[in-house]
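Some notes on the structure that comes next.
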Amino acid sequence: MSSSQLQASPETPAQRRTYFAFEAYAAAIQEAFVTRVREEAEAFVTSILPPENVQRFHHGGGWQHPGNDDVQGSGMVEHIAEHETPLEDVVRHELAMIDRSVDVLSLQMQKQFMQMLFGTVGKAAESAGNSIDASGLSPLELFIAGLETVEISANPDFSVRWPQFVGGGDMAGRVDAALRAASKEDLARIEAIQAAKAKVAIERERERQARFKHYGA
Amino acid sequence: MRVLLAIGINDYDHENPLTGAEGDAERVFKALMRPEIGDYDTDRSRLLLSPTVAAVRATLQEVLFAYGPIDTFTFFFAGHGAVEAGSFYMLPKDSPPRGLSIGALSLADLFRAINEAAPTQSNIIIDACQAGGLIADLGVLLKPDLIGNSGTPGVTLVATAAQDQAASETGAGGLGTNALLDVIEGRDVLNETAAAFDLVEIGRRVSTRLRAEANQTPVVWGLNLYGPPRFCRNLRAGSDTSRPLHEVLHAWPAGSDVQIRERFNDLWRVYASVNDDWMPRRFANVVDRLLASLAADAQAQAAVVERLAAACLERARLSNDAFRPAQVGATLVACLLPYLTAGPVAQQAAALIEEIGGGLLAAGHEMSAALDVDRYALLTRDGAGISDLFLLPLRLANILGWLAAATMIFPEGADRHEEAVFVFGGLTDRIVEHYSTSILAISEVQAAPFAIALSQAMALGLAGQAEVLTSALFADLMARKAHMAADDIPPASLFAFLDARAKGDYSAVQSFVARPEELTPVVLLAGARLGLDDVFDASLWEIDGHAFNIYLTEAWAQFGAEQMTEGQNLMWTIGETVFVLKDLDPASAMPVPAPPDQITRLVVVLAALTYPDRTPWFLLTGPAEIDAQDKRKAALVAY
């Protein structure tokens, strides 16, 4: 055998040549990194949506709710986050790039998720006529208008499930401040709306349960 | 019984005619039928010129099944080839434009027929357009229902012309066939010692020639470990060139076939892994068992390793990793450690070591050219930036260590010494210049490659570079309090280790931190040799309490084994037994063993690079070999 026979052949595989690539290690590190980003994203989602309200599907495509015309069908929304790492940072062994990369990707995912969430809620509300025109309304009026518009549900034990109000920008803080400063009359009006809403919700739950043959028997 | 079927097709009903295919088949047939070359059986061998598909199938049926058992079956095809739906087909005269599965001969059909007829050795040579397309087929053909099950004979395949390449005819015939005949008929001298050749050996030479001369990328594939090489006789060996091949074959030492047959499945499996899922220990386990079963027959051991090397190193060229051929060769040669006292084994080891050296230099040249174009050529791409925070320091250690080994393989006075020094020195310079911030003590597996690289750098007059490398490692050891990953850290925990390193809090990965470890003594011994005592001594307190060890053994036969059992672990602790560099003196505890000869020394070094949980301490503990003169200057002039 001559040593010249053992020359490397750059043209044999189409891919870029490597030098001690440690593919299995690289794949494992990359996978662990993606897991870290996913955990951060899941923690964020959990902070917005209670875990019991999160549904997981095995397959994608569209969603339908046969028999429930109030629920809008929608499709799969893909969230993509990208982050470029300067090669020089790698050579310089900038370990801070780990947290920086996780943060950048997580932030992108959070932003996209929030846009998707409120976009979906907004579209559903628009199509159901459950939207209000906030222009010219004070924070307190906005809250009251929202309360009058929203549909309240009751639990099977007839306790009422009150919705969570989420405001963008500083709206949540302004509404909160307005409620603290509300007059007795305004608070009474809010209580009255709540009572009426609760009554309707309980009645609706009673009718729902009555559709079973022997609910709770 | 030796059977040859040669097919050449110029005339096509539905394809462009060819001009040289029939001539190629005739020339190959004529050459191999000569008793002193191929010695094929005249009664059973056939030459078909522009046959129909029915004639091809009928002739295959006849030559493979109509008579008794076949020792060697050789199939040659020159003509049009085509890839359809992922399968490779050879096109006889009347092959239709569509429906090749019916109207042409697929490689899979040929393999099935061979598998059923079960000749002891089969050789397939294809000189056809798109012959490279059969690469995809070969992955499928390795499945046990086609080949590789118990009792399957050896099969070797050489295909010239890549998938997207024409087979390149010249007025004097196809380039692939010409190169093949040059070797068969002795015009191209492969060697003057082997009595006979396997097709793999010839295919490798043809492959090298066609890559260089015709920019073709032939396929050389297969594993034949049974009996003697039997494709054709080496006309350049011996004085009696008229001696028939069968007489030569009778002289071959028998005895290894049973052991090989018992392990053939495993051998095929590890052969297939060479260019893909490469795991040296898994490969070595199979080879170790085979060599142990042949322990009483050194000739057989040497012959098996020679042929295994020919097949596996050629396959390793298909890997993306430029260093893979050298890695595969090193794994194989490390398996020979227990048997190096036998002359034939030592000779085979020496030949393989030289080939490994050639592979290392080829990889070094290629890497150097890549760095000319892209200074980040050593980084993993494809979105794997984070992983390189761990892997780049390992990669740099390996590059330096393996290329340093090439300078040991080609020592002063050897033909390629200057070239080896030039490659190692040049890449060391570039790494020092562009990658010194990634010269880090991140894992204990860096101990062996750095021990080899630093000792060779000093021996070759690259003390300045050795000092930069050693100082960078020492600085990182101090900065990270000598926290480095253990050699057996699970891949899934590497990211957590990196995270711990970033935060300086290793509590979550304590069980994967190496302790004791062998990289610290490599750095300290190199520092002492370089006269860095004052600088290093001033900082050693920063790793107060850190324990490290040196494993010394003179049981070199074990040096490639998964676990060595006959050596001594020498332990030191900073702040207890070591306060300054000169406190670390392994020779004061026991004599540091060195291999008894040059071959063993090289194999031990290659074993340490292959299995980096062992370190060749004799490189850093013997008399200091620091050459004040930079030998690259002389090498540059000579190279």
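Chains as they are written, first to last, in this note's numbering: chain A, 114 to 330; chain B, 1411 to 2049. Quick reminder that beta carbons are idealized off the backbone N, C-alpha and C, glycines included.
Please compile the residues from chain A whose C-beta is within a distance smaller than 8 Å of the C-beta of B:Leu1620. Those do not exist, as B:Leu1620 stays about 11 Å from chain A at its closest Cβ, beyond 8 Å.
Close beta carbons around B:Ala1773, own chain, < 7 Å, minus the five adjacent residues each side: Excluding sequence neighbours, B:Ala1773 sits near Ala1732, Phe1733 and Ala1736.
Can you give me the Cβ contacts of B:Ala1857 inside the same chain, cut-off strictly under 6 Å, excluding the 5 residues immediately before and after it? Closer than 6 Å at Cβ, skipping near neighbours: Glu1928, Leu1929, Val1932 and Thr2025.
Take the Cβ of B:Glu1854 as the centre, count every other Cβ of all protein chains shown within 10 Å, and call the residue buried at 16 or more, exposed below. Buried, because 16 or more other Cβ atoms sit within 10 Å of the Cβ of B:Glu1854.
Against A:Val204, what residues of chain B qualify as contacts under a CB-to-CB distance less than 8 Å, listed in chain order? Going along chain B in sequence order, the residues near A:Val204 (Cβ under 8 Å) are Tyr1786, Leu1789, Leu1802, His1844, Tyr1845, Thr1847 and Ser1848.
First and last residue of the uninterrupted alpha helix (DSSP H) at B:Val1715: In this chain, the alpha helix (DSSP H) harbouring B:Val1715 covers Ala1708 to Ala1726.
Alpha carbon to alpha carbon, how far is B:Trp2027 from B:Val1696? Whole-angstrom Cα-Cα distance: 28 Å.
Between which two residues does the alpha helix (DSSP H) carrying B:Leu1994 extend? The continuous stretches of alpha helix (DSSP H) do not include B:Leu1994, and DSSP gives it neither H nor E.
Pull up the CB-CB distance for A:Glu261 and A:Ile306, whole angstroms please, since I reckon it's below 8 Å. Cβ-Cβ separation between A:Glu261 and A:Ile306: approximately 6 Å, consistent with a contact (criterion under 8 Å).
Please report the distance separating the alpha-carbon of B:Leu1510 from that of B:Asn1533. Spanning the two alpha carbons is a distance of roughly 23 Å.
Can you tell me where the beta strand (DSSP E) holding B:His1844 begins and where it ends? Premise fails: B:His1844 lies in the alpha helix (DSSP H), His1827 to His1844, not in any beta strand (DSSP E).
DSSP three-state label for A:Asn166, please. Reduced to three states, the DSSP call for A:Asn166 is helix.
Enumerate, from N- to C-terminal direction, the unbroken alpha helix (DSSP H) stretches of 4 or more residues contained entirely within the segment 249-274 of chain A. Entirely contained in the segment 249-274 of chain A, the alpha helix (DSSP H) runs reaching 4 residues are, in chain order, 252-262.
Please state whether DSSP places A:Glu124 in a helix, a strand or coil. Note that A:Glu124 scores 37 on pLDDT, short of 50, meaning its location in the model is unreliable; the coordinates nonetheless yield the value given after this. Coil, per DSSP.
Three-state secondary structure (DSSP) of A:Tyr132: In this structure, DSSP gives A:Tyr132 a state outside helix and strand, which the three-state scheme calls coil.
Coarse secondary structure for B:Ala1694, derived from DSSP in three states: Helix.
Going straight from the alpha carbon of B:Asp1453 to that of B:Ser1617, what length do you get? Across the structure, B:Asp1453 and B:Ser1617 are spaced so that their CA atoms are roughly 32 Å apart.
Can you find a C-beta in chain B that's less than 9 Å from the C-beta of A:Glu124? Confidence at A:Glu124 is low in this model, with a pLDDT of 37, below 50, so the placement of that residue is unreliable and no value is reported for it.
Does B:Pro1900 have its Cβ less than 9 Å from a Cβ in chain A? Nearest CB-CB separation between B:Pro1900 and chain A: below the 9 Å threshold.
Would a check of beta-carbon distances place A:Ile245 closer than 9 Å to chain B? At a cut-off of 9 Å, the C-beta of A:Ile245 has no neighbouring C-beta in chain B.
Spatial distance of B:Leu1980 from B:Gly1941 (CA atoms): About 23 Å.
Mind listing which residues of the segment 138-162 of chain A have their C-beta closer than 9 Å to chain B's C-betas, in chain order? Within the segment 138-162 of chain A, the residues whose Cβ lies closer than 9 Å to any Cβ of chain B are, in chain order, Tyr138, Ala139, Ala140, Ala141, Ile142, Gln143, Glu144, Ala145, Phe146, Thr148 and Arg149.
Buried or exposed, going by whether 16 or more other CB atoms sit within 10 Å of the CB of B:Trp1951? Exposure of B:Trp1951 is indicated by the presence of fewer than 16 other C-beta atoms within 10 angstroms of its C-beta.
Compare the C-beta of A:Gln221 with all C-beta atoms of chain B and state if any pair is closer than 9 Å. No, A:Gln221 lies away from the interface with chain B (no Cβ there is under 9 Å from its Cβ).
Helix or strand or just coil, what does DSSP make of B:His1490? DSSP places B:His1490 in strand when its eight states are reduced to three.
B:Arg1640 and B:Asp1608 closer than 9 Å at C-beta: Yes, these two residues count as a Cβ contact at 9 Å.
So, using beta-carbon positions, are B:Thr1627 and B:Arg1437 closer together than 9 Å? Result no, Cβ atoms of B:Thr1627 and B:Arg1437 do not sit closer than 9 Å.
Within this structure, are the beta carbons of B:Asp1809 and B:Leu2012 separated by less than 9 Å? Before going on, a small fix: residue 1809 of chain B reads as Ile here, not Asp. Contact: no.
Span separating the alpha-carbon of B:Gln1573 from that of B:Leu1501: Low confidence applies here, because B:Gln1573 scores a pLDDT of 39, under 50, leaving its location unreliable; read the following figure in that light. Using only the alpha carbons, I get a separation of about 15 Å.
State the DSSP-derived secondary structure class of B:Asn1559, mapped to helix, strand or coil. Confidence at B:Asn1559 is low in this model, with a pLDDT of 48, below 50, so the placement of that residue is unreliable and no value is reported for it.
Are any of the Cβ atoms in chain A nearer than 9 Å to that of B:Ser1560? Low per-residue confidence applies at B:Ser1560: pLDDT is 43, beneath 50, and the placement is therefore not dependable, though the value from the model is reported in the following sentence. Chain A, which has no Cβ nearer than 9 Å to the Cβ of B:Ser1560, makes this no.
Contact criterion: CB-CB distance below 9 Å. Does A:Met229 meet it with respect to chain B? It does not; no Cβ of chain B falls within 9 Å.
Assign B:Ile1512 to one of two classes, buried (16 or more other C-beta atoms within 10 Å of its C-beta) or exposed (fewer than that). Residue burial is scored here from C-beta neighbours: B:Ile1512 has fewer than 16 other C-beta atoms within 10 angstroms and is therefore classed as exposed.
With a threshold of 9 Å between beta-carbons, can A:Ile211 be considered close to chain B, or not? Taking 9 Å as the CB threshold, A:Ile211 lines the interface with chain B.
To be precise: take each residue of the segment 1898-1925 of chain B, compare its Cβ to all Cβ atoms of chain D, and keep it if any distance is under 9 Å. Which residues remain? No chain D is present in this structure, whose protein chains are A and B.
Could you tell me the alpha carbon to alpha carbon distance between B:Gln1875 and B:Thr1838, rounded to whole angstroms? Approximately 7 Å, taken between the alpha carbons.
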